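Peer 1: Have a look at this one before I ask anything.
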Amino acid sequence: MEEPILFLDPEVKPPDYRVPRGRSGVGAQSALETLLSDLERIRKARDAYTQLFRGIEDAVTRH
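Set out below in structure tokens:
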């Protein structure tokens, strides 16, 4: 079961990504991991906002 997000991030946007130029691939791997973790954070925030708006719609339609 996913744990609920306790607060909503008002600025849900990914940062600028720059892949360092190098031959080892370590910088590219790090940039990819950062991108994937940020995308997951954004997905969770989107889901939380969806739940919030559904709750508001339900509350409004009940009254």
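Numbering follows full-length UniProt numbering, in which position 59 of the sequence shown is assigned residue number 59; successive positions increment by one, without gaps.
For each residue, glycine too, the CB sits at the ideal point set by N, CA and C.
What you are looking at is a predicted structure, and each value in this text was computed from that prediction instead of being measured.
Report the rounded CA-to-CA distance for T34 versus D47, giving the unit in angstroms.
Peer 2: Locating residue 34 in the sequence shown gives position 34, where the first residue counts as 1. Locating residue 47 in the sequence shown gives position 47, where the first residue counts as 1. T34 and D47: Cα-Cα distance of roughly 20 Å.
Peer 1: Span of the alpha helix (DSSP H) holding G25?
Peer 2: Counting from 1 along the sequence shown, the entry for residue 25 is found at position 25. G25 -> no alpha helix (DSSP H), and no H or E assigned at all.
Peer 1: At the level of alpha carbons, what is the spacing between D38 and V60?
Peer 2: Sequence index remark: in the sequence shown, residue 38 carries index 38 (1-based). Sequence index remark: in the sequence shown, residue 60 carries index 60 (1-based). Rounded to the nearest angstrom, the two C-alpha atoms are 33 Å apart.
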